[in-house]
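Line order of the protein sequences matches chains A and B.
Position 204 (the first sequence) corresponds to 241 in my numbering; numbering is contiguous.
Position 113 (the second sequence) corresponds to 690 in my numbering; numbering is contiguous.
Where is the CB? At the ideal position from N, CA and C, for every residue including glycine.
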Amino acid sequence: MTAVDLTRTREEEDFRRRLRDWLHRTLPTLPPKPSPADWPARRAYDCAWQRALYDAGYAGLHWPADAGGQGATPTQHLIFLEETELAGAPYVGANFVGLLHAGPTIAVEGTATQRARWLPPILRGEEVWCQGFSEPEAGSDLASLRTRAVRDGDAYVVTGSKTWTSHAEVADWCELLVRTDLSAPGHRGLSWLAMRMDAPGVTVRPLRTLAGSTEFAEVFLDEVRVPVAQRVGAENDGWRVTMVTLSFERGTAFAGEVVACRRTLALLARAAQENGQWEDAALRRRLGRLNAEFTALWRLAQWNASEAAHALRTGGRGVPGVGASVFKLRYSHARQDLYDAAAEALGPLSLDAGHEWTLERLSSLSYTIAAGTSQIQQNIIAERILGLPRGR
Amino acid sequence: MDFRLSEDQRALRAGMRDLLAARFPREKLRKSAEADPAKRAPLDRALWRELGEIGMFSLRLSEKEGGAGLGLPEAVLVFEEAGRALLPGPLAATHLAAGLVPGAADGATVVTALEGDGVVEQLDAADAVLLLEGPTVRALPVDDGTGALAAARPLRSVDPTTPLHYLPPADEAMQGAERAGQAKGLAVGRLCGEAALLTAAQQLGSAARTLEMAVAYVKVRTQFARPIGAFQAVQHVCARMLARTEIARSSVYAASLTMTLGDTCAAKLLADEAAVRNARDCLQLHGGLGFTWDADVHLHLKRAWVRQAQWQSAAKAEEALAAALLEDPGDCMTETANRANGAV
Chain A
38 MTAVDLTRTR EEEDFRRRLR DWLHRTLPTL PPKPSPADWP ARRAYDCAWQ
88 RALYDAGYAG LHWPADAGGQ GATPTQHLIF LEETELAGAP YVGANFVGLL
138 HAGPTIAVEG TATQRARWLP PILRGEEVWC QGFSEPEAGS DLASLRTRAV
188 RDGDAYVVTG SKTWTSHAEV ADWCELLVRT DLSAPGHRGL SWLAMRMDAP
238 GVTVRPLRTL AGSTEFAEVF LDEVRVPVAQ RVGAENDGWR VTMVTLSFER
288 GTAFAGEVVA CRRTLALLAR AAQENGQWED AALRRRLGRL NAEFTALWRL
338 AQWNASEAAH ALRTGGRGVP GVGASVFKLR YSHARQDLYD AAAEALGPLS
388 LDAGHEWTLE RLSSLSYTIA AGTSQIQQNI IAERILGLPR GR
Chain B
578 MDFRLSEDQR ALRAGMRDLL AARFPREKLR KSAEADPAKR APLDRALWRE
628 LGEIGMFSLR LSEKEGGAGL GLPEAVLVFE EAGRALLPGP LAATHLAAGL
678 VPGAADGATV VTALEGDGVV EQLDAADAVL LLEGPTVRAL PVDDGTGALA
728 AARPLRSVDP TTPLHYLPPA DEAMQGAERA GQAKGLAVGR LCGEAALLTA
778 AQQLGSAART LEMAVAYVKV RTQFARPIGA FQAVQHVCAR MLARTEIARS
828 SVYAASLTMT LGDTCAAKLL ADEAAVRNAR DCLQLHGGLG FTWDADVHLH
878 LKRAWVRQAQ WQSAAKAEEA LAAALLEDPG DCMTETANRA NGAV
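Here you go:
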């Protein structure tokens, strides 16, 4: 009678076993990981991994079958994230935007022609996408963006600038949010365009992060011509189209990272045991508390997956709700706490910026900012979930 | 895998909520929380029996034993409702005693427990005390005439609705051997894990309730010509309350299914944190009103403090979770139950 059930179905276990076998056979054949600074090599590596997934039938696992995906259940997707992480498989890397943002948006909102043009190359690891949403003056208040697209025959002429664009240097396409109606306020005059990154007028200027790497870039657009046929959704309906993407962004995308964090935590405990810090009860309790947090986050991800599965079964699109906001808020802080604790366990070695955990400590600082700051997440929870009055 | 509640489970939860609304309304709670200790209503034995009749204590016994043959996932839902209503009494101890102590299953007997740190809840109202130390579970009648519990001295309990006694370690004439550190038996360890989880479920219910109280209040309390819930400083406090509640919920519900050490310790820690921190935030959002005896929020905070100290303190849970990090390769959290909930 119990619907609450964490045991796996035979189908899910078969899926897990097949995936494990495949990972076991495939991972040793991969080339060595490229240097983090070598972007073209990173792109090649990430795309080769995506191609391997495609050939084995794991590309676009959670995409619907009619979009070229595998139509897997949210739970199977979670198993995939878990097993690939446990096996030490490569991350989605440069294909993140294509597989998790732009692709799902095109799958839901695109025409048959658009789907046929853009989705297969994403799944095969042939085309890389980046995201052109944020602007210097439009961050949390995304709807105030100013990049404008003026219709000229069968094309839009786009002028403006985008920022925080990851993988811009190696991307083929950009999912671009622009203003097509200058007289309409806020979110009402926006459209969603797919823009080629090699189009005349596109200039990419890499930005250096506080970790020292160039993970993202500014993108300047000077009268770039984008064919009207590359608009997804209706003109001036881009905000709604974008929200479809953003809700994918806040789903179970980080679930695999929770598994990785839990493993790092175990390594950290062993490191503390070796260097004597384990004798410190305060540190032990801190690590024990983090174990609780990551254990609970994993359970929350499983819960979110089962909610999404239910929504799919009952005709919804599996767009995540309450659990996704809570997950994002707690996970981003837990990750920062983890690497702060790592610094304590490492002692003076934590001041070596070459140490893997110190680099992770630095990059973890972006987690409470990217994909909706913690403050915006709390606004969303307060207004949309708790029903508090809109305020400032 | 499906994490969602079944229709039967929803009905069970709704039934418990309705029963408590009818039989333990706010006036009853306030009667047990009179400012003057002499005027406080004692534990309601008639209500205890009624709780027994609806299966609060026996629901996990088999139908042959007079129970409902249900499991921890259902027990957790019922205890969550009890925590939400701040239902007083040694609910977890009596639930564990069903099938072990005569009369516990049907609510005829009130069974409390003596744990490692020597605090006993509702000793004056109880008929028997569970001893959950050492290799086996034992139950001691409160009026057995041996005077074994005579050394227990009443505390002026911080929680007016939960009378407490303290049995200092030095005065343990009787159960000294067990408390001196003999290892807990498997069955004892399992029962302690279940008690920790059922306590966590009550904390979850309290956390959800103080969130509701806070949200309802900030929607109607007006300052600077607008509801204070329109201010982000207030909104963000409420948002964090929701996050604490929901992460505790997924942890408690998961632990009720797996009963692994990791899940159970996480559930107790996160539910304790949710209950205590949410009560604190709820109190703060009520302003001066929150500092008064007449508001209910202090009762949630004080009960949360008591439940936090019971069955598994934060220190014990954190040490257990830290030790677990050294044992497993990092994938333990994805496994379903493969070992009993050990002594922690």
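Asked                                                                                                                      : Found
A/A342, enclosing alpha helix (DSSP H) - first and last residue                                                            : A318 to R350
Residue burial classification, B/F801 (beta-carbon count within 10 angstroms, cutoff 16)                                   : exposed
Alpha carbon of B/E755 to alpha carbon of B/V706, nearest angstrom                                                         : Model confidence at B/E755 stands at a pLDDT of 45, short of 50, so the residue's coordinates are unreliable and nothing is read from them.
Collapsed DSSP secondary structure at B/V714 in the structure displayed                                                    : coil
Local conformation of A/K365 per DSSP, three classes                                                                       : helix
DSSP three-state assignment for A/M232, whether helix, strand or coil                                                      : strand
Contact set between B/V795 and chain A, taken where Cβ atoms lie within less than 8 angstroms                              : L425
Within 7 angstroms of chain A by C-beta, residues of the stretch 836-862 of chain B in sequence order                      : G839, D840, C842, A843, L846 and L847
Cβ neighbour criterion (16 or more within 10 Å) applied to B/K845                                                          : buried
Start-to-end residues for the alpha helix (DSSP H) that takes in A/D209                                                    : Careful: A/D209 lies outside any alpha helix (DSSP H) and carries neither H nor E.
DSSP-derived helix/strand/coil call for B/A856                                                                             : helix
B/D585, enclosing alpha helix (DSSP H) - first and last residue                                                            : E584 to R600
Sub-8 angstroms separation of A/V269 and A/I116 beta-carbons                                                               : no
Short CB-CB distance (under 8 angstroms) between A/I422 and chain B                                                        : yes
Rounded Cβ spacing between B/L620 and B/P679 (contact assumed at less than 8 angstroms)                                    : No, B/L620 and B/P679 are not in contact; Cβ-Cβ is about 19 angstroms, not under 8 angstroms.
A/R287 burial status per 10 Å Cβ neighbour count (16 or more: buried)                                                      : Any reading at A/R287 is ruled out, since the residue's pLDDT is 46, under 50, leaving its predicted position unreliable.
Which residues DSSP lists as bridging A/F257, in chain order                                                               : A/S198 and A/T240
Cβ contact check for the stretch 290-302 of chain A and the stretch 803-812 of chain B: 3 or more pairs under 8 angstroms  : no
Range of the contiguous alpha helix (DSSP H) that encloses A/Y82                                                           : W76 to D92
Interface flag, B/L902 vs chain E, CB-CB below 8 angstroms                                                                 : Among the protein chains in the structure shown, which are A and B, there is no chain E.
Distance, A/W340 Cα to A/A346 Cα                                                                                           : 10 angstroms
Close-in-space but distant-in-sequence residues of the same chain around B/R600 (CB under 7 angstroms, 5 per side omitted) : L624 and E627
Element boundaries [beta strand (DSSP E), containing B/D621]                                                               : It is not in any beta strand (DSSP E) - B/D621 carries neither H nor E in the DSSP assignment.
Coarse secondary structure for B/S635, derived from DSSP in three states                                                   : coil
Proximal residues to A/R321 (C-beta, below 7 angstroms), its chain only, five neighbours per side dropped                  : W315
Contacting residues, own chain, Cβ-Cβ under 6 angstroms from A/P101 (five flanking each side not counted)                  : G108
Minimum Cβ-Cβ distance from A/I143 to chain B less than 8 angstroms                                                        : no
Classification of A/H204 by the beta-carbon crowding that lies within 10 angstroms, buried from 16 upward                  : buried
Residues that DSSP places opposite A/R185 in a beta bridge                                                                 : A/T196 and A/R216
Helix, strand or coil at B/L774 according to DSSP, with G and I counted as helix                                           : helix
Below-8 angstroms beta-carbon distance, A/I413 vs any chain B residue                                                      : no
Alpha-carbon spacing of A/A333 relative to A/A379, whole angstroms                                                         : 20 angstroms
8 angstroms Cβ cutoff, A/H204 in contact with chain B                                                                      : no
Same chain, Cβ closer than 7 angstroms to A/L386, five either side skipped, listed in chain order                          : H392
Within chain A, the residues that B/I824 reaches when beta carbons sit closer than 9 angstroms                             : E330, A333, L334, R336, L337, V363, F364 and R367
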